[in-house]
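Novice:
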Amino acid sequence: MKLKNILIGATALVAVSAAAASAGSITVVSWGGAYTKSQVEAYHKPWIAATGNQIVSEDYSGGLAEVKAQVEAGNVSWDLIDVELSDAVRGCDEGLFEEIDPSILPDGADGSSAADDFLSGGINDCAIANIVWSTIFAYDSSVTSGVDSIDDLFNLEDFPGKRGLRKSAKANLEMALMADGVPAAEVYAMLETDEGVDRAFAKLDTIKDSVVWWESGAQPPQLLADGEVIMTTAYNGRIFNAAVAEGMPFEVVWDGQIMDFDLWAVPMGAPNKDLAMDFIAFSTDTQRLADQASWISYGPARKSSGALVGLYSDGVTEMAPHMPTAGPNLANALVNDFEYWADNSDELNERFNAWLAK
Amino acid sequence: MVPPVHFTERVTMTDSTDAGPVLAADGTPLKKKLAQALFVSRARAFGLVLPLLAFILVSFIIPILSLMVQGVKNDTYSANMPASTEIMKGWDGISEPTEKMFAALVLDLIKAREEKSIGRVATRVNREVSGTRSMFTKAARKAGKLEAPFMAAMLNIDEDWGNIEVWGAMKVSSQTYSAAFYAAAVDADYNADGSFERLDEKDRIYVYLFIKTLLVSLAVTLACLALGYPVAWLLASLPMRTSNLLMILVLLPFWTSLLVRTTAWIAMLQSHGVLNNVFVWLGITTDETRFSLIYNMTGTIIAMTHILLPFMILPLYSVMKGISPAYLRAAKSLGATNWTAFWRVYFPATIPGIGAGGLLVFILAIGYYITPALVGGQDGQLISNFIAYHMQKSLNWSLAAALGGILLVIVLAIYWLYDKVVGIDNMKMG
Amino acid sequence: MSQKSLQDAFVAFDHVQKSYDGEILVVKDLNLQISKGEFVTMLGPSGSGKTTCLMMLAGFEVATHGDILLKGQPINNTPPHKRGIGMVFQNYALFPHMTVGENLSFPLEVRKIGKSEREEKVRLVLDMVQMGDFAYRRPAQLSGGQQQRIALARALVFDAELVLMDEPLGALDKQLRERMQYEIKHLHEQLGITVVYVTHDQSEALTMSDRVAVFDDGVIQQLAKPDDLYERPENAFVAQFIGENNKLEGIIRAQEGDNVIVDLDGGMTARALAVNCGAVGDRTMLSVRPERVALTGDGSNSTDALVQELIYLGDHIRCRMTVSGHNDFIVKVPNASGHKHLVVGENTKVSWQTEDCRALDA
Chain A
1 MKLKNILIGA
11 TALVAVSAAA
21 ASAGSITVVS
31 WGGAYTKSQV
41 EAYHKPWIAA
51 TGNQIVSEDY
61 SGGLAEVKAQ
71 VEAGNVSWDL
81 IDVELSDAVR
91 GCDEGLFEEI
101 DPSILPDGAD
111 GSSAADDFLS
121 GGINDCAIAN
131 IVWSTIFAYD
141 SSVTSGVDSI
151 DDLFNLEDFP
161 GKRGLRKSAK
171 ANLEMALMAD
181 GVPAAEVYAM
191 LETDEGVDRA
201 FAKLDTIKDS
211 VVWWESGAQP
221 PQLLADGEVI
231 MTTAYNGRIF
241 NAAVAEGMPF
251 EVVWDGQIMD
261 FDLWAVPMGA
271 PNKDLAMDFI
281 AFSTDTQRLA
291 DQASWISYGP
301 ARKSSGALVG
311 LYSDGVTEMA
321 PHMPTAGPNL
331 ANALVNDFEY
341 WADNSDELNE
351 RFNAWLAK
Chain B
1001 MVPPVHFTER
1011 VTMTDSTDAG
1021 PVLAADGTPL
1031 KKKLAQALFV
1041 SRARAFGLVL
1051 PLLAFILVSF
1061 IIPILSLMVQ
1071 GVKNDTYSAN
1081 MPASTEIMKG
1091 WDGISEPTEK
1101 MFAALVLDLI
1111 KAREEKSIGR
1121 VATRVNREVS
1131 GTRSMFTKAA
1141 RKAGKLEAPF
1151 MAAMLNIDED
1161 WGNIEVWGAM
1171 KVSSQTYSAA
1181 FYAAAVDADY
1191 NADGSFERLD
1201 EKDRIYVYLF
1211 IKTLLVSLAV
1221 TLACLALGYP
1231 VAWLLASLPM
1241 RTSNLLMILV
1251 LLPFWTSLLV
1261 RTTAWIAMLQ
1271 SHGVLNNVFV
1281 WLGITTDETR
1291 FSLIYNMTGT
1301 IIAMTHILLP
1311 FMILPLYSVM
1321 KGISPAYLRA
1331 AKSLGATNWT
1341 AFWRVYFPAT
1351 IPGIGAGGLL
1361 VFILAIGYYI
1371 TPALVGGQDG
1381 QLISNFIAYH
1391 MQKSLNWSLA
1401 AALGGILLVI
1411 VLAIYWLYDK
1421 VVGIDNMKMG
Chain C
2001 MSQKSLQDAF
2011 VAFDHVQKSY
2021 DGEILVVKDL
2031 NLQISKGEFV
2041 TMLGPSGSGK
2051 TTCLMMLAGF
2061 EVATHGDILL
2071 KGQPINNTPP
2081 HKRGIGMVFQ
2091 NYALFPHMTV
2101 GENLSFPLEV
2111 RKIGKSEREE
2121 KVRLVLDMVQ
2131 MGDFAYRRPA
2141 QLSGGQQQRI
2151 ALARALVFDA
2161 ELVLMDEPLG
2171 ALDKQLRERM
2181 QYEIKHLHEQ
2191 LGITVVYVTH
2201 DQSEALTMSD
2211 RVAVFDDGVI
2221 QQLAKPDDLY
2231 ERPENAFVAQ
2241 FIGENNKLEG
2251 IIRAQEGDNV
2261 IVDLDGGMTA
2271 RALAVNCGAV
2281 GDRTMLSVRP
2291 ERVALTGDGS
2301 NSTDALVQEL
2311 IYLGDHIRCR
2321 MTVSGHNDFI
2331 VKVPNASGHK
2341 HLVVGENTKV
2351 SWQTEDCRAL
2361 DA
């Protein structure tokens, strides 16, 4: 009797695992926290429901090191990875990512072709954008008030206290120049020159002693909440999440924001490449991108999704004003120049580290 | 008075006075016979060690050797750009690039684009001169359509192709074996003509970091010694039951996960943490002038001292445990005060323990990585953090290997120095 | 004990008690006076309290009760380094990181004695122990006997009047130990120092000492000159502990002057000196030294004996017999010319003099 039960159980198990294998499964790697949750709700669940495939969700903290290690070892276990634009371009150049045929992308809900529908720069050889996010700075309105421009981040006189900044050259140099009076449109041209870089570092020097450096996206809201800093740069979605979902009195300053894409890319030699491509096409259609925006305040990469963005998942908060792409927020906004950073990030990060360590 | 005792030990086994080899009973030379007799036991001993030896070879020696090689070897350029590599061997690094060189470059660019290796090549050259990356990727895209004369065609794409610096960077990159990474690891530039040049003041970082790492390690070692010595003494002199209890407290850090400990330090030391709250409450500081105890050098030193303390205490304890209390008593009976007895008699006897603990802590501290990364903030970062940075973030593994190689040499040098000054055999680990 | 004699003694223990745990007294009411220039040995089994007494005198242990006096002054509160007492330790305790010369110089240095005088004294004391050539050696390079000499020299170099020795010869082999015993004895006589010596080796104690204090159970069982101790033990412990002893147990039947008549358990009736026994009817233990037993029937105490075992020891023959029910009765037969040859299983007569038989506590 007992033996029989075991046999039945074992047969059932084999049957189930065989079914799972035939249906397929992909490993999707993203940044964790509220961001991954938004993707699970908006992309994963509908895709699983529509195709019967499974998704294993993993977290990473950005960069190409792990992908590079997997590809070079010839043992790739990831099928799809959410990357920043500069990493997408660089990984593509270095042969770490599969090329993506843009014809798999569906037309927009308004009928426009994918090429027209995606924001410029959203379709790349090896990566397809899903969201637009932004590096902004935020403050705790219960402690500080009257902060409204990028200048204030560097204004120790009127706003004494610690600042949180991301521990890398990227974003800090641009914000320093904008705070020093360089218009957003001229920032990268300025940074191409040695004088421009010196000027940015000189501006950073003025607040260096008051800076707490952060590395992972989850840190800035925590630093603000702990009172370690009075204002901090951050990814806008994290601040939105803390403010709306957790009720923290945090305010975002959109002046001087730096916009960037997050994109899907498939590691070279991914075990389930075809399924991953299918997932990319599915998740970047007009409706999915709009759905994601109701879980986190990152803007959809398709223009056609904008009209479909509605309320936050709490059912009350209107999402549109919290998007980096919302009209008023774009007044003094900078779009990240991935080419500049792909070319210069090594040298600038070296110099940044040298500057930091002294 | 009794005359002094003199021993003359003289044991003579055989009476043979001839110079020939001593023979065993069956006529074979005794040495050979002995070797045969010992062979089996030696073979067995070697067999016992063999698995570990193989493991160390595979998991330690080979990786270290390959690391040392990676610090000088990088064939990214030479493997993917063979034509220009070949032609640049004959270039002096100073004169203007020729049409032939451009032709070879275009040939290589077409090939690299096809093989999707252009990104890696571009990244390699970009490490020598920033900004060249996009020059390569752009040129590679258009290379297929270029026609002779190639020099003009390339200059047409980007006039920087005429820049001698770019070609110098390519020549340096094309050398499979080069000193470029080791030069970078000591804040110098390796030029195409084989000369070295120190970097600008604002770009220098690694020499400063190496020195800082050594100083921090020294500070941590001294702090461990100052804190650990009395504890080790107490452990060695208390009755067994009490000292066992104390020993558990000493070993507790070993049994706690690193992250748990670090989190505890953060809760303890941050500006609104326990310690600062106590200081404010005691009136040592005010609410506005709370001390910065974490995310800086202070935090790094405090946390590293805590984590490495057992490595100092254990060797000290084992040495002190072996010091007979009779020495101190003897010193006191001879008229020495407590302090003199300690300083002249007890302390010298603990030097092997100080040496072992100090060396252990110092060498561990030099390579410490996680703790400074978590609580070091900006100025508490050590050289290992930058090795990790180049491994994980910038992906410049060759520079990481060069930095690691230098670190290894420093550790070996310290070990050698220790052997010269104190003597390795004068070290007790426990 | 009169205050006067305490003041006069060079070293005096006055009602000293010592307990480590507050429950057990390891030294119970110790009274001992040592004169200047005397060589006194504390002898006893391990755990008898002898080493504790020495450590209290040296200052490494504090007396729980009572006074210890040095030259008439209480030294209970004087730290060890101010007592000026030389000490030789069990395993020599030579400082391993110093040369022999530095070891000897150490007590002089801490006394702030000038360099030339130090060197002179070190040279003299090294010559005294015949180790003049060894000043630059390290202790580890010396043999046990040589280390012993240096340890001795170090205790003497600063002219201590009192030298304590804690089983100093315990680690040496027998031959060397005997040689060193004589040497220490000679040094003692030559320098006129006072020595308090601790050992568990009775032959060492008998060889060297002016007086021996036999310790057991925290109490001095007997304090006497070596010959008194051996020939006139005052209690059963001392009789058993010092030398070889035949014990015969029985009940006191009668007392006649200095003597008692004892009915032994084995049936024999013996006459003995009443040394430390109870009244008529009490149990007692008779002590007879093996060498005082004769193989004749004409002593004042005579009885039959059965030879059980013979051991040839060169100068004498050890003979184990059954006497009065005890089968571990030992007789030493001197290997003199014409001595009686015994055979195992033989019946013979043994006898001893009344004054050689001491009635002690049972």
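Residue numbers (the working numbering), protein chains in the order written: chain A, 1 to 358; chain B, 1001 to 1430; chain C, 2001 to 2362.
Heads up, the beta-carbon is just placed ideally off N, CA and C, and yes, glycines get one too.
1. So which residues of chain B does A/K68 contact, with C-beta pairs closer than 8 Å?
2. Closer than 9 Å between beta carbons: that is the criterion. Which residues of the segment 2061 to 2085 of chain C meet it against chain B?
3. Please state whether the Cβ-Cβ distance between A/A243 and A/V252 is less than 9 Å.
4. With a threshold of 9 Å between beta-carbons, can B/Q1036 be considered close to chain A, or not?
5. Here's the rule: buried if 16 or more other CB atoms are within 10 angstroms of the residue's CB, otherwise exposed. What is C/G2084?
6. Mind checking which residues open and close the alpha helix (DSSP H) that includes B/L1213?
7. Check each candidate in C/L2191, C/D2133, C/M2055, C/V2262 and name the one with the smallest Cα separation from C/V2157.
8. Tell me whether the beta-carbon of A/W78 lies closer than 9 Å to the beta-carbon of A/P221.
9. When you check each C-beta in the segment 329 to 354 of chain A against every C-beta of chain B, which residues fall closer than 9 Å?
10. Note down, in chain order, each residue of its chain lying with its Cβ closer than 8 Å to the Cβ of C/S2300, except the 5 sequence neighbours on either side.
11. Would C/E2183 be called buried (16 or more neighbouring beta carbons within 10 Å of its own) or exposed?
12. What residues in the segment 2031 to 2063 of chain C bring their beta carbon closer than 7 Å to a beta carbon of chain B?
13. At 8 Å on the CB atoms, spell out the chain B contacts of A/G90, in chain order.
14. By the 7 Å beta-carbon criterion, what residues does the segment 1307 to 1337 of chain B contribute toward chain C?
15. For C/E2252, does the three-state DSSP call read helix, strand or coil?
16. Can we say the segment 1065 to 1074 of chain B touches the segment 1096 to 1108 of chain B, given the rule of at least three CB pairs closer than 8 Å?
17. Excluding the 5 residues flanking A/D180 on each side, which residues of the same chain have their C-beta closer than 7 Å to its C-beta?
18. For A/A357, return the contacting residues in chain B, with the cut-off set at a CB-CB distance below 9 Å.
19. Could you tell me the boundaries of the beta strand (DSSP E) in which C/Q2033 lies?
20. List the residues of chain B whose Cβ lies closer than 7 Å to the Cβ of C/A2171, in chain order.
21. Once DSSP output is grouped into helix, strand and coil, what is the label at B/L1334?
22. Please name the residue or residues paired with C/Y2387 in a DSSP beta bridge.
23. Over the uninterrupted alpha helix (DSSP H) stretch that includes A/Y235, give me the two end residues.
24. Entirely within the segment 2094 to 2173 of chain C and at least 3 residues each: give me those beta strand (DSSP E) ranges in chain order.
25. So which residues on chain C does B/P1348 lean against when the C-beta distance must stay under 7 Å?
26. Output, in chain order, the set of chain B residues within a Cβ distance shorter than 9 Å of A/D151.
27. Give the list of continuous alpha helix (DSSP H) stretches no shorter than 4 residues that lie fully inside the segment 243 to 289 of chain A.
28. Where C/M2268 and C/T2199 are concerned, what is the direct C-alpha to C-alpha distance, given to the nearest angstrom?
29. Starting from B/T1137, find everything on chain A with Cβ-Cβ shorter than 8 Å and list it in chain order.
30. Considering only the beta carbon of each residue, do B/T1137 and B/I1118 sit closer than 9 Å?
31. By a C-beta neighbour count over all protein chains shown, 10 Å radius and 16 as the cutoff for buried, is B/M1240 buried or exposed?
32. Which residue from B/M1151, B/A1336, B/I1164 puts its Cα closest to that of B/G1093?
33. Runs of 4 residues minimum, wholly inside the segment 1065 to 1113 of chain B: which ones carry the alpha helix (DSSP H) assignment?
34. State the beta-bridge partners of C/E2291 as determined by DSSP.
35. Does C/S2019 come within less than 9 Å of chain B when only Cβ atoms are used?
36. On the three-pair Cβ rule with 8 Å, is the segment 169 to 178 of chain A touching the segment 332 to 345 of chain A?
Specialist: Per the coordinate set shown:
1. Correct list: L1395.
2. P2079, P2080, H2081, K2082, R2083, G2084, I2085
3. yes
4. For B/Q1036, the closest Cβ of chain A is not nearer than 9 Å.
5. buried
6. A small correction: the amino acid at residue 1213 of chain B is Thr; Leu does not occupy that position in the sequence shown. Per DSSP, B/T1213 belongs to the alpha helix (DSSP H) from 1206 to 1237.
7. C/L2191
8. One thing to note: A/W78 has its Cβ no nearer than 9 Å to the Cβ of A/P221.
9. For the segment 329 to 354 of chain A, the residues whose beta carbon sits under 9 Å from a beta carbon of chain B are, in order, E339, Y340, A342, D343, N344, S345, D346, E347, L348, N349, E350, R351, N353, A354.
10. R2271, S2351, W2352, Q2353, T2354
11. So C/E2183 ends up on the buried side.
12. A2058, F2060
13. In the sequence as presented, Gly is not what sits at residue 90 of chain A; that position holds Arg. By Cβ distance, chain B contributes G1119, T1123.
14. S1324, A1326, Y1327, R1329, A1330, K1332, S1333, L1334, G1335, A1336, T1337
15. Note on identity: in this sequence residue 2252 of chain C is Ile, with Glu being the wrong assignment. C/I2252 falls in the strand class under three-state DSSP.
16. no
17. R199, K203
18. I1205, Y1208, L1209, K1212, Q1378, D1379, Q1381, F1386
19. 2025 to 2034
20. What C/A2171 touches in chain B: nothing, since even the nearest Cβ is about 12 Å away.
21. coil
22. Outside the shown range of chain C (2001 to 2362) lies residue 2387 of chain C, about which nothing can therefore be said.
23. Segment 231 to 235 is the beta strand (DSSP E) holding A/Y235; no alpha helix (DSSP H) there.
24. 2162 to 2166
25. H2097
26. Simply none; closest approach about 23 Å.
27. 273 to 283
28. Counting only the Cα atoms, C/T2199 lies some 38 Å from C/M2268.
29. D93
30. yes
31. exposed
32. B/I1164
33. Complete alpha helix (DSSP H) runs here, min 4: 1076 to 1080, 1082 to 1088.
34. C/E2291 pairs with nothing; no bridge assigned.
35. no
36. At 8 Å Cβ cutoff, the stretches touch.
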